[in-house]
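S.K.:
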Amino acid sequence: MKKFGAVTVFDLLIKYIKEGTIKLDKSRFDNVLATYHDPCNYGRKAETLFGHGYFDEPRWILDQCMDNWIDLYPTKKDQFCCGGGGGTLTTGYNTERILYGRKKMDQIKATRATMLVVPCHSCHGQMNNIKKEYGMEDLEVKYLWELVADCLIL
Amino acid sequence: MEQTCEIIDMDQLDHGRFGSWSFSQDFCVTCGLCSSSCPASGIDGFDPRKFVRMVSLGLEDKVVEARWPWICTMCAKCEHVCPMEIDIPAMVRSVRGLREREKVPGVLHKGLAAALETGNNLSLPKEDFVFILEDVAEEIAEEPGFEGFTVPIDKEGANILTTIHNKLVNTHTEDLKHWWKIFHAAKEDWTVPSDNWEGTNWGLFTGDDEAMKIMAGRVAEQMEKLKVKNLLWPE
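Given below as structure tokens:
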């Protein structure tokens, strides 16, 4: 017995953009090179558990916000872990957590991007927390919906 | 990395111990792809392959005591590369669930216990929560294009109800604004509940199914109470 529906962050943003209920200024970040990180729960794990991984939807949303973004390598199902999942931001094992963000940081450095877009609170927290450890203080970590909000034409 | 060989008492081995677990752990071909893919391999001399073998052999005390299931980020890269499709992340979670709750590391169980008792991980009283939301809404209303902005709390019959991650009413209140601005621009009929707003569900991390059900059930209850049509759970 279905009493209410559920929408994902991606589907809701796409609905607003496609229906034209929100308009976005694509030139807002013309001078910024961005990249995107696939969180495990929206990607690999969603695909296994629910039969659909949200890989293409966030990339479509990025395309509506900016021309200048490139993918990490490897990507989508092969994406490296940010190191902040599974509750590791709260277990107190911080040295370990910082250590296994190293591959993620190498990936981002290789793109020369100055902005990292993520749709996950844990990835966002982890990336902001460890970037200084890897000489990436200037990396701007942005929620996907923050990017959309920044590009809104009112 | 230095590793020492530990002699295990044969009495500890019980292959049937986790026989009812349906994670295909006994199908492991010990290829080691999981270990190569894991961001936490090597810590404490552990890796996923070793963990799978220990579960398969029924070394309960060893796996439950080990730090490694808690250092694992549950990123599922191991499962993705596994040729035998062994569900390693779910196995890790089940092992976490076997540990005494007082021995769950960090603030994970404490936060969850607070949420079960008070409705949110921070034990934030309702009036403080509402005060923070309204304060942030006033800040938004000062920005051009958002004149007159208010936050619709407990609005019955709204189209969308959004849960709130506790850090957004703690140290990261600025991050409340993004979704709210989008709702405003989209002229969405939305609401935030003043009860059961907690979007995190730390039973996912502690292996506590019962707690997860309670937390998710409260969100569902809130949806029905306010007769909201759609749930947005950004956490």
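Chains as they are written, first to last, in the working numbering: chain A, 1 to 154; chain B, 1001 to 1235. Here a beta-carbon is modelled for each residue, glycine too, at the ideal position from N, C-alpha and C. This one's a predicted model, so the numbers in the text were calculated from it and none came from an experiment.
(1) Using a Cβ-Cβ cut-off of 6 Å (strictly less than) and excluding sequence neighbours within five positions of G1032 of chain B, which residues of its own chain qualify?
(2) Can you pull the chain A neighbours of W1070 of chain B, defined as C-beta to C-beta under 9 Å?
(3) If you draw a straight line from the alpha carbon of V1095 of chain B to that of W145 of chain A, how long is it in whole angstroms?
(4) Of all Cβ atoms in chain B, is any one closer than 8 Å to the Cβ of W60 of chain A?
(5) From the DSSP secondary-structure annotation, give me the bridge partner or partners of A34 of chain A.
(6) Would a C-beta distance cut-off of 8 Å place V7 of chain A and N1230 of chain B closer than the cut-off?
(7) Can you give me the Cβ contacts of V1092 of chain B inside the same chain, cut-off strictly under 8 Å, excluding the 5 residues immediately before and after it?
(8) Under 7 Å Cβ to Cβ from R28 of chain A, same chain only, skipping five residues before and after it: list those, please.
(9) State the start and end residues of the unbroken alpha helix (DSSP H) segment that holds G5 of chain A.
(10) Would V117 of chain A and L139 of chain A qualify as a contact pair, given that the criterion is a beta-carbon distance under 8 Å?
(11) By how many angstroms is the C-alpha of G1106 of chain B removed from the C-alpha of E1210 of chain B?
(12) Unbroken alpha helix (DSSP H) runs of length 4 or more, entirely within the stretch 1162-1215 of chain B: which are they?
(13) Does the pairing of the stretch 1157-1165 of chain B with the stretch 125-139 of chain A give three or more beta-carbon distances under 8 Å?
(14) Give the residues from the stretch 3-34 of chain A that approach chain B closer than 7 Å (Cβ to any Cβ), ordered along the chain.
(15) Given this structure, state the Cα-to-Cα distance separating C1082 of chain B from C1034 of chain B, to the nearest angstrom.
(16) Answer with yes or no whether the minimum CB distance from M1074 of chain B to chain A is below 8 Å.
(17) Express the C-alpha separation of R112 of chain A and G101 of chain A in angstroms, rounding to a whole number.
(18) Is the separation between the beta-carbon of I1164 of chain B and that of W1197 of chain B shorter than 8 Å?
(19) Mapping the DSSP letters down to three states, classify L1231 of chain B as helix, strand or coil.
(20) For C120 of chain A, which residues of its own chain have a beta-carbon under 6 Å away from its beta-carbon, when the five flanking residues on both sides are left out?
(21) Is it buried or exposed, N1121 of chain B, if we count other Cβ atoms within 10 angstroms and call 16 or more buried?
(22) DSSP puts K142 of chain A in a beta bridge; with which residues?
(23) Extract the residue ranges of the alpha helix (DSSP H) inside the stretch 1059-1131 of chain B, only unbroken runs of 4 or more that lie entirely within it.
(24) Using C-beta distances below 7 Å, list every residue in its chain close to L1124 of chain B, excluding the 5 sequence neighbours before and after it, in chain order.
(25) Following the continuous alpha helix (DSSP H) through A46 of chain A, name the residue where it begins and the one where it ends.
(26) Within the continuous alpha helix (DSSP H) that includes S1035 of chain B, where are the two ends?
(27) Check the Cβ-Cβ distances between H121 of chain A and every residue of chain B, and say whether any is below 8 Å.
(28) Any idea what DSSP makes of I1008 of chain B, helix, strand or coil?
(29) Would you mind working out which of B:A1114, B:F1023 and B:D1044 sits nearest E1085 of chain B, comparing C-alpha positions?
(30) List, in chain order, every chain B residue whose beta-carbon is nearer than 9 Å to that of C40 of chain A.
(31) Could you work out which residues of chain B lie near G83 of chain A, taking near to mean beta carbons separated by less than 9 Å?
(32) Listed from N- to C-terminal order along the chain, which residues in the stretch 1098-1113 of chain B have their beta-carbon within a distance smaller than 8 Å of any beta-carbon of chain A?
(33) Using Cβ-Cβ distances below 7 Å, what residues of the stretch 115-147 of chain A are close to chain B?
(34) Which residues does DSSP pair with K23 of chain A in a beta bridge?
(35) Roughly how many angstroms lie between the CA atoms of E1060 of chain B and F1146 of chain B, to the nearest whole one?
(36) Per DSSP, I1160 of chain B is paired with what?
M.R.: The short version:
(1) R1049
(2) G86, G87, T88, T91 and Y93
(3) 35 Å
(4) no
(5) Partner(s): A:W69 and A:M115.
(6) yes
(7) F1051, P1069, C1072 and M1074
(8) D150 and C151
(9) Premise fails: G5 of chain A lies in the beta strand (DSSP E), G5 to V7, not in any alpha helix (DSSP H).
(10) no
(11) Between E1210 of chain B and G1106 of chain B, the C-alpha separation is close to 20 Å.
(12) With a minimum length of 4 residues, the continuous alpha helix (DSSP H) runs that stay inside the stretch 1162-1215 of chain B are 1177-1185 and 1203-1206.
(13) no
(14) K3, F4, G5, A6, V7, V9, L12, Y16, T21 and I22
(15) Their backbone Cα atoms lie some 6 Å apart in a straight line.
(16) yes
(17) R112 of chain A has its alpha-carbon roughly 17 Å from the corresponding atom of G101 of chain A.
(18) yes
(19) strand
(20) P39
(21) Per the 10 Å Cβ criterion, buried.
(22) DSSP output for K142 of chain A lists A:V117 as bridge partner(s).
(23) 1060-1065, 1068-1071, 1077-1081, 1088-1098 and 1108-1118
(24) V1169
(25) R44 to F50
(26) L1033 to S1037
(27) yes
(28) coil
(29) B:F1023
(30) T1073, M1074, C1075, A1076, K1077 and P1089
(31) For the C-beta of G83 of chain A, the chain B residues within less than 9 Å are, from N- to C-terminus, P1039, A1040, T1073 and C1075.
(32) P1105, G1106, V1107, L1108 and G1111
(33) H121, Y143, W145 and E146
(34) Answer is A:I153.
(35) 57 Å
(36) B:W1190 and B:N1230
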